[in-house]
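The numbering of the sequence shown is the UniProt record's numbering, which starts it at 1 and goes up by one. Ideal placement from N, C-alpha and C gives every residue a C-beta, glycine not left out.
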Amino acid sequence: MTLYFLVKYLHVLGAIVILGTGTGIAFFMLMAHRTHDADFIARTASVVVIADAIFTLSAVILQPVSGGLLMMLSATSFTERWLLASLALYAIAGLFWIPVVFMQIEMRDLARKASEQRAALPERYFVLFRRWFAFGFPGFGATMLILWLMVAKPF
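This is the structure we're talking about:
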């Protein structure tokens, strides 16, 4: 296996991890939220925060590193329009993902507190959840478009 194909493999693997953890995290958070059970939400959100820190963050760091190496190994120019569009979308995805991480941490903490006090979830939790849910669409959509641009290189 050449260095180029090894780096390409790692780049594709990073994209899979980002999309997979994004989808999984969204699914599990949504399913937990639907129960309105503070204890269940707190446990789920705790795992979600850990998964984001381990899997998503490592893949988010890997992508520009492996992408930059692929550019060097293939002599791809920064002026390629598909690449510029991908980089812009990556920035957009990041602008939506970073706040989501903090929302997940706060939702976890609010659910833990409600669970410990055997109280209902506070309104702040529901505000954060709606915002978290809304931020997921542009963040995930940008990531899906990047994947398409990476594969198709349409322009």
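Next on the checklist: Less than 8 Å between the beta carbons of Gly20 and Ser66, yes or no?
Outcome noted: Position 20 of the sequence shown, counted from the first residue, corresponds to residue 20. Position 66 of the sequence shown, counted from the first residue, corresponds to residue 66. No.
Cα-Cα, which of Ala120, Ala26, Tyr90, Ala88 is closest to Ala134? Walking along the sequence shown from the start, residue 134 turns up at place 134. When only C-alpha atoms are compared, the closest one is Ala26.
| task | Return the Cβ separation of Leu89 and Ile146 in integer angstroms, given the expectation that the two are a contact with Cβ distance under 8 Å. | result | Start at 1 with the first residue of the sequence shown, and residue 89 comes out as number 89. Start at 1 with the first residue of the sequence shown, and residue 146 comes out as number 146. Between Ile146 and Leu89 the Cβ distance is about 5 Å, and since that is below 8 Å, they are a contact.
If Thr44 sits next to Phe28, beta carbons under 8 Å apart, how far is it from one beta carbon to the other, in whole angstroms? For this step, residue 44 is matched to residue 44 along the sequence shown. For this step, residue 28 is matched to residue 28 along the sequence shown. Sure, about 6 Å apart at Cβ, within 8 Å.
Quick one, which of Trp132, Val151, Gly141 has its alpha-carbon nearest Phe102's?
Taking the sequence shown and counting its residues from 1, one reaches residue 102 at position 102. Among Trp132, Val151, Gly141, the Cα nearest to that of Phe102 belongs to Trp132.
Do Ala42 and Ser115 have their C-beta atoms closer together than 8 Å? Against the sequence shown, residue 42 aligns to sequence position 42. Against the sequence shown, residue 115 aligns to sequence position 115. Going by C-beta atoms, Ala42 is nearer than 8 Å to Ser115.
Check: Assuming Val7 and Leu69 make a contact with CB atoms under 8 Å, what is their CB distance in whole Å?
Finding: As a working mapping, residue 7 is identified with position 7 in the sequence shown. As a working mapping, residue 69 is identified with position 69 in the sequence shown. With a Cβ gap of about 5 Å, Val7 and Leu69 count as contacting.
- Query: Touching or not, the segment 74-88 and the segment 120-128, by the rule of three or more beta carbon pairs under 8 Å?
  - Reply: no
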